[in-house]
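Residue numbers (this note's numbering): 464 to 1073. Reading through the structure tokens given below for one structure.
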Ligand code: GCU
């Protein structure tokens, strides 16, 4: 679209922060790398004194930046020099990790924190090229190495990387990162959310050592219409990329094919493969894949499956599947705050499996890569979501480009994960023309990046004026998605649990329906009559009544009740019950099960596959 290309040109020219995803490196998970995790010095800078001069001019846009610019890591050259900061004697903070849960004085902090990491690195240019890779940093991140600005990334939940080959020294490199988690009207997400705005370098940081010419990206999938045909593409990064040999080996399928790139270093392919063991929830079989060129080799583990819809059914490998799910926020069940480790992911997905789930909705933003890699191994289907949440600045083109960029980075990272079956465009957004156009553009863009998965979005249900007890989906965006999803809170925000018995559903669209949220709050350990709000019995009864209502509904192919674990939210302030936590979890923030956990567990245990 002209508008997109023009905007990207403007972006690069510099009127807007430069997005770095144009050369996002695929499957860093399996690359050899040097971790920069650990203790970093930090400076809390609420007035951004280390970024702007007193006339609000950014130091990094000045010819010779003032010594007060924090990214210079200035040191006094004489006893009379005036330098009003010194990273090296400041306190330290752990990377990865948000600052809110690491430093009690920063629990509610929203603003800029500067991070500094020093490192030595032995490397000669003949060895290849160096890249700095961030798995995520929330929200606006500006990166400087040895006083040079590498670039800016916007978005708190997707990876980005910068080439640093010509900047790294053998000794005393200083990496300085400005992270600003202020919520913005034009942001994605915007000002209001129902989760904690954890700020910081929240996931791993690493240095990648890559060959001069390396495999930057690849996509290997089962052809949606031909289950004995693998298709995809490979993209190289480097100079003189024409007619470079690329070898694709899949030993388990006796595939060993060599192909040649075009002048852009790009090649598409279709490879016949027989006797494929398809990936499924029952048998999550992953094939070892090796991609090799004369200079580079990368391994991956990929599952091959098809996912499509037929009327109101979701078909996994052409078999109808019912998505027995649960929604999950990315909070660490082990130490609180933003989760990012393999152990966090293992715990959350184990709880989901104990609940009887074959599916998880990773709300409301891209989770860390461990979640989808473990879901691949465990045979758990996944809904991944772009943080287009609630009342986004729909008329703002920069906001759209931001949302599109974050979605592009998510798809770039996870497009080879069999477990991921749904890309969700948004959550609970208002049905207004500007939003419909915004989301339709996003859906169109998604289909160009990945035609193999389903598109959805958590819409809002509504009742007819003349018949409040008949509910439906009346939303033009419902025509753009493959799977119709909506959140409903009958019995919590909308009447009491017994109201579920009065409600009928009239879903007109001939599409699968996922109830993407329902639920209610309970303080774990607070017992009483089921009529008493916040008791475990109230939540238990809400689940009982809701599931009876769901059983009367047509076209339901799955659900992801809200939510697996209690999570922090500044909106939830009821003393002695919420105290800054959303209590709709089936498990408390300490991992203790509530009575409603067993209601859903039993329901999934008895649920027959369609
Ligand atoms: C909404 C929203 C969630 C929120 C939940 C709640 O449906 O999607 O993000 O936490 O309701 O009110 O608890």
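Every residue gets a Cβ at the ideal spot worked out from N, C-alpha and C, and that includes glycine. Since the model is a prediction, treat every value here as computed from it, not as a measurement.
Mind checking whether the beta-carbon of residue i lies closer than 6 Å to any heavy atom of ligand 1?
i            : result
residue 986  : no
residue 657  : yes
residue 923  : no
residue 890  : yes
residue 980  : yes
residue 950  : yes
residue 1057 : no
residue 1045 : yes
Leaving out the 5 sequence neighbours to the left and right, which residues in its chain are closer than 7 Å to residue i when beta-carbon positions are compared?
i            : result
residue 954  : 960, 962, 963, 983, 1005, 1008 and 1009
residue 484  : Per-residue confidence for residue 484 stands at a pLDDT of 46, beneath the threshold of 50, marking its modelled position as unreliable; the derived number appears in the next sentence. Contacts found: 623, 868, 871, 872 and 875.
residue 805  : 833
residue 747  : 766, 839, 840, 841 and 842
residue 489  : 679, 680, 681 and 875
residue 630  : 608, 609 and 611
residue 685  : 693, 767, 768 and 769
residue 551  : 504
residue 1071 : none
residue 548  : 506, 513 and 533
residue 788  : 820, 822, 823, 824, 1021, 1022 and 1023
Using DSSP bridges, identify the partner residues of residue i.
i            : result
residue 569  : Paired residues: none, contrary to the question.
residue 962  : Its beta-bridge partners do not exist; DSSP assigns none.
residue 699  : 678
residue 814  : None; residue 814 has no bridge partner.
residue 673  : 592
residue 505  : 578
residue 616  : 604
residue 597  : 623 and 668
residue 694  : 684 and 733
residue 976  : 947 and 1019
residue 773  : 776
residue 934  : 926 and 968
residue 646  : Note: residue 646 sits in no beta bridge, so no partner.
residue 1064 : The partner list for residue 1064 (beta bridge, DSSP) is empty, contrary to what the question assumes.
Please check the pair residue i and residue j, which I expect to be a contact at CB under 8 Å, by giving their CB distance rounded to whole angstroms.
i            : j           : result
residue 450  : residue 999 : For residue 450 there is no data in the structure shown, the boundaries of the chain being 464 and 1073.
residue 812  : residue 846 : With a Cβ gap of about 14 Å, residue 812 and residue 846 do not count as contacting.
residue 491  : residue 596 : 5 Å
residue 679  : residue 699 : 6 Å
residue 770  : residue 916 : 6 Å
residue 886  : residue 918 : 6 Å
residue 1060 : residue 658 : At roughly 21 Å, the Cβ-Cβ gap does not stay under 8 Å, so residue 1060 and residue 658 are not in contact.
residue 668  : residue 784 : That belief does not hold up - the Cβ atoms of residue 668 and residue 784 are roughly 38 Å apart, past 8 Å.
residue 852  : residue 731 : Contact doesn't hold; Cβ gap of about 35 Å is too wide.
residue 602  : residue 619 : 5 Å
residue 683  : residue 879 : 6 Å
residue 544  : residue 675 : With a Cβ gap of about 42 Å, residue 544 and residue 675 do not count as contacting.
Relative to the alpha-carbon of residue i, which residue among the options has its alpha-carbon at the smallest distance?
i            : options                  : result
residue 626  : 607, 527, 644 and 617    : 607
residue 628  : 671, 550, 600 and 653    : 671
residue 1011 : 494, 966, 609 and 996    : 966
residue 523  : 950, 613, 493 and 494    : 613
residue 673  : 909, 1018, 494 and 940   : 494
residue 578  : 926, 508 and 621         : 508
residue 1023 : 1043, 600, 1035 and 1047 : 1047
residue 1077 : 565, 761 and 690         : Any question about residue 1077 goes unanswered here, given that the chain covers just 464 to 1073.
residue 988  : 1002, 519, 899 and 518   : 1002
residue 923  : 906, 844, 908 and 893    : 893
residue 854  : 512, 925 and 650         : 650
residue 796  : 1027, 993, 618 and 763   : 1027
residue 635  : 581, 687, 619 and 621    : 581
residue 1051 : 525, 948, 570 and 799    : 799
residue 744  : 884, 696 and 865         : 884
residue 556  : 809, 1066 and 501        : 501
residue 717  : 701, 738, 729 and 728    : 738
Just to confirm my understanding: we take residue i, look at its own chain, exclude 5 residues before and 5 after, and list those with CB closer than 6 Å. What are they?
i            : result
residue 968  : 934 and 1016
residue 1078 : The structure shown does not extend to residue 1078, since the chain is modelled only from 464 to 1073, so the question has no answer here.
residue 719  : 712
residue 715  : 750
residue 831  : 666 and 803
residue 710  : 721 and 755
residue 932  : 965 and 966
residue 1041 : 1035
residue 605  : 615 and 641
Considering only residues of the same chain and omitting the five flanking positions on each side of residue i, which have a CB-CB separation below 8 Å?
i            : result
residue 903  : 940 and 943
residue 1053 : 987
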